[in-house]
Amino acid sequence: MFERRRRPHPADAPAGPAPALDASDLKEAYRLGRKDERARRKRHPVMMTVLFLLALAGAAFLALAAINGSFREAGQVADHNLTVAAERAEPAVRGAAGEAAETLRGVGQSDPAPAPAQPAP
């Protein structure tokens, strides 16, 4: 009743009796078939990574809910952990940003020490 109908792919149509193939022809046909199938089902690596990370975060949140007995308590635990992580990371980020700013300011200034002279050949 709820069968999904798909459009037939041209490569799926019967082409008559198959010719006799030797091993190299069979390997080449297999390689081309894999290449065609990959082209039909392209995946973007960034999107796959994001999807995987979201699934991992969802699984972690479900585990927290199971451990704490409810989603409400799991949310409180997650909020607390995020707050602690943000409080610990803020000084480190500010320090790194300050160091980067000092480095960038020093790049435009001339070097006070002269370069050593090259000996004449």
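The working numbering numbers the first residue of the sequence shown as 5 and each following residue consecutively. Note that beta-carbon positions come from the ideal geometry of N, C-alpha and C, so glycine has one too.
With a cut-off of 8 Å on the beta carbons, I'd call residue i and residue j a contact; round off their distance for me.
i: Val50; j: Leu68; result: Not quite, the Cβ-Cβ distance comes to about 27 Å (not below 8 Å), so this is no contact.
Short check: CB of residue i to CB of residue j, under 8 Å?
i: Asn72; j: Ala78; result: yes
Per DSSP, what kind of secondary structure is residue i in: helix, strand or coil?
i: His48; result: coil
i: Ser74; result: coil
i: Asp26; result: coil
Just to confirm my understanding: we take residue i, look at its own chain, exclude 5 residues before and 5 after, and list those with CB closer than 8 Å. What are they?
i: Glu94; result: none
i: Thr53; result: none
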